[in-house]
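Q:
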Amino acid sequence: MAMVKVGLVLFLCYASSFFFVGMKANIEEDKDIGKDLIHNMCMRTDFNDLCVSTLESDPRTDLKSNPRGFIHILIDRATVNATDTYNYIADLVKKPTDKWTIQCLNWCYESYGHGFRVLKNALGLIDFKDYLGYRVLNMNIGSFHSDASNCEWCFTEFIPPHKSPITSRNNYLGNISRIALEIVNLIECNHIEYCQEAIAPTVG
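Sequence positions in the sequence shown follow mature numbering (1 follows the signal peptide of the UniProt record, and there is no 0) and run -17 to -1, 1 to 187.
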């Protein structure tokens, strides 16, 4: 009887080792699949390197297994950086500078305040089911993209143009939101330009 128990214990240990090795292999395989999907999707966007680095650096493995998860990551990253930029602008307007720069900074402050709202809306629209849902999500992300672009544009409208103190921030947020827009378009109609008519989803 003792020999039977020992044999059973050894068998269970042996079987368990295969289970955990197999489980580890599946996890690693899932990570490889996620990386392949990230690279395949990002190479179709206008900012491949930024897209890859942003998605791969996110610790949430579950969001890196499908394109809609990519959008979630990009919106989250945009929200974090927009918050930081919003607070940075609030500090800048307190410092002495010319009235035109202050005017643009105040406009940027309002633009990013609006940006928070549309990003929050966009986050709730990621799982769109039809063309109308696609258009609303596209509109919200596009609105934030315009906020970042228009903030930077303000400084170029003066004669002579004024140097923007937040160019790198505006460009980063503009590029991140552009990537998100392009992935939304890829999901809906398999190309990065705005989808002009309803087409059945081919990705995601």
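Backbone N, C-alpha and C define an ideal beta-carbon position, used for all residues, glycine too.
#1: Leaving out five residues on either side along the sequence, give the residues of the same chain with a beta carbon under 7 angstroms from the beta carbon of asparagine 104.
#2: With contact counted as at least three CB pairs below 8 angstroms, one residue from each stretch, are the region 30 to 41 and the region 141 to 161 in contact?
#3: For glycine 107, count neighbouring C-beta atoms within 10 Å of its own C-beta (all shown protein chains included) and say buried if the count is 16 or more, exposed if not.
#4: Whole angstroms is fine: what's the gap from arginine 27's alpha carbon to asparagine 173's?
#5: Following the continuous alpha helix (DSSP H) through tyrosine 177, name the residue where it begins and the one where it ends.
#6: Nearest-angstrom Cα distance between isoleucine 166 and isoleucine 175?
#7: In whole angstroms, what separates the C-alpha of glutamate 171 from that of tyrosine 177?
#8: In this structure, does DSSP put glutamate 39 in helix, strand or coil?
#9: Starting from lysine 78, trace the alpha helix (DSSP H) in both directions and tell me its first and last residue.
#10: Look at the alpha carbon of arginine 60 and the alpha carbon of phenylalanine 111, and state the distance between them as a whole number of angstroms.
#11: Could you check where the alpha helix (DSSP H) with arginine 161 kicks off and where it finishes?
#12: Threonine 150 to cysteine 91, Cα distance in whole Å?
#13: Would you call aspartate 81 buried or exposed, if buried means 16 or more other Cβ atoms sit within 10 Å of its Cβ?
#14: With a Cβ-Cβ cutoff of 8 angstroms, do asparagine 133 and serine 94 count as a contact?
#15: For leucine 75, which residues from the same chain have a beta carbon less than 8 angstroms from its beta carbon, with the 5 sequence-adjacent residues on both sides left out?
#16: What first and last residue would you give for the alpha helix (DSSP H) that runs through asparagine 49?
#17: What does the alpha-carbon distance come out to for the pair glycine 96 and lysine 77?
#18: Taking just the CA atoms, how far does isoleucine 21 sit from glycine 116?
#19: Indicate the three-state DSSP secondary structure (helix, strand or coil) for methionine 26 in the structure shown.
#20: Do you know how far the Cα of leucine 102 is from the Cα of threonine 62?
#21: Applying the 10 Å Cβ sphere with the 16-neighbour rule, what's the burial state of proline 143?
A: On the basis of the coordinates in this document:
#1: Asn123
#2: yes
#3: exposed
#4: 10 angstroms
#5: Here tyrosine 177 belongs to no alpha helix (DSSP H), and DSSP marks it neither H nor E.
#6: 7 angstroms
#7: 9 angstroms
#8: helix
#9: Element bounds for lysine 78: n/a, residue is neither H nor E.
#10: 20 angstroms
#11: 150 to 172
#12: 11 angstroms
#13: exposed
#14: yes
#15: Leu88, Pro148 and Ile149
#16: Careful: asparagine 49 lies outside any alpha helix (DSSP H) and carries neither H nor E.
#17: 17 angstroms
#18: 24 angstroms
#19: coil
#20: 7 angstroms
#21: exposed
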